[in-house]
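*Asks:*
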Amino acid sequence: MWRRNFSSRASSTRALKEKKWDALVIGGGHNGLTAAAYLARSGLSVAVLERRHVIGGAAVTEELIPGFKFSRCSYLQSLLRPSIIRHGLKLLKRSPSSFTPCLDGRYLLLGPDKDLNYSEISKFSKRDAEAYPRFCCYSSVKISFV
108 MWRRNFSSRA
118 SSTRALKEKK
128 WDALVIGGGH
138 NGLTAAAYLA
148 RSGLSVAVLE
158 RRHVIGGAAV
168 TEELIPGFKF
178 SRCSYLQSLL
188 RPSIIRHGLK
198 LLKRSPSSFT
208 PCLDGRYLLL
218 GPDKDLNYSE
228 ISKFSKRDAE
238 AYPRFCCYSS
248 VKISFV
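In this note's numbering, the protein residues as written are 108 to 253.
1) Where do the N-terminal and C-terminal ends of the beta strand (DSSP E) with K317 fall, by residue?
2) Roughly how many angstroms lie between the CA atoms of S202 and S246, to the nearest whole one?
3) If you check the beta carbons only, do S204 and L217 fall under 8 Å apart?
4) Could you tell me the distance, in whole angstroms, from the CA atom of K200 to the CA atom of D220?
5) Could you tell me the boundaries of the beta strand (DSSP E) in which I133 lies?
6) For R110 and L131, what's the separation of their Cα atoms in angstroms?
7) Go ahead and label I228 buried or exposed: buried means 16 or more other beta carbons lie within 10 angstroms of its beta carbon, across all protein chains shown.
8) Any contact between the stretch 145-160 and the stretch 169-181? By contact I mean 3 or more CB pairs, one from each, below 8 Å.
9) For S114, which residues in the same chain have their Cβ closer than 6 Å to its Cβ, ignoring the five residues on either side in sequence?
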């Protein structure tokens, strides 16, 4: 059962109490929805409770600033287990991989091109631009442990 909006908090509480659920999943993010799908596929009746007006959690794209849509954290999809991805999800490399607009009109554009990254970071700080390759190397070493 999917209810986009209940007319009031009281009616939503009543509707949830009237049905006997086998499982309640708290949170309609990508993890909660995946868990609910597995539970429902096994034959259980499942209710997913989400406090926000939208489901999807970190995988949601929202208009945070009028006219600009942002992906909350959908880049984390690459961390999904292969058994979940097997249904045809294809991950694409992004180039550039990051665009960060600033309120003053400047922006930071980053990607796999080391020279472009240096040039972009230098617009804000030459010192940070010089340190960035060391940061990437340090991060790669730490990530390999995870």
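Backbone N, C-alpha and C fix where the C-beta goes; we use that ideal spot for every residue, glycine too. Here the structure is a predicted model, which means the values were calculated and not measured.
*Replies:* Quick answer:
1) Past the boundaries of the shown model lies residue 317; the chain is included only from 108 to 253, so the question cannot be answered.
2) The straight-line gap from Cα to Cα measures roughly 19 Å.
3) At a Cβ-Cβ threshold of 8 Å, S204 and L217 count as neighbours.
4) Approximately 13 Å, taken between the alpha carbons.
5) Run containing I133: 130-133, per the beta strand (DSSP E) assignment.
6) Caution is warranted here: a pLDDT of 49 is assigned to R110, below 50, making its placement in the model unreliable, and the coordinate value is therefore given only provisionally. When rounded, the distance between both Cα atoms is 15 Å.
7) I228 counts as buried, since at least 16 other C-beta atoms from the protein chains shown sit within 10 angstroms of its C-beta.
8) Contact annotation: the stretch 145-160 does not touch the stretch 169-181, with fewer than three C-beta pairs closer than 8 Å.
9) Legend: pLDDT at S114 = 48, less than 50; position of this residue unreliable, no value from coordinates given.
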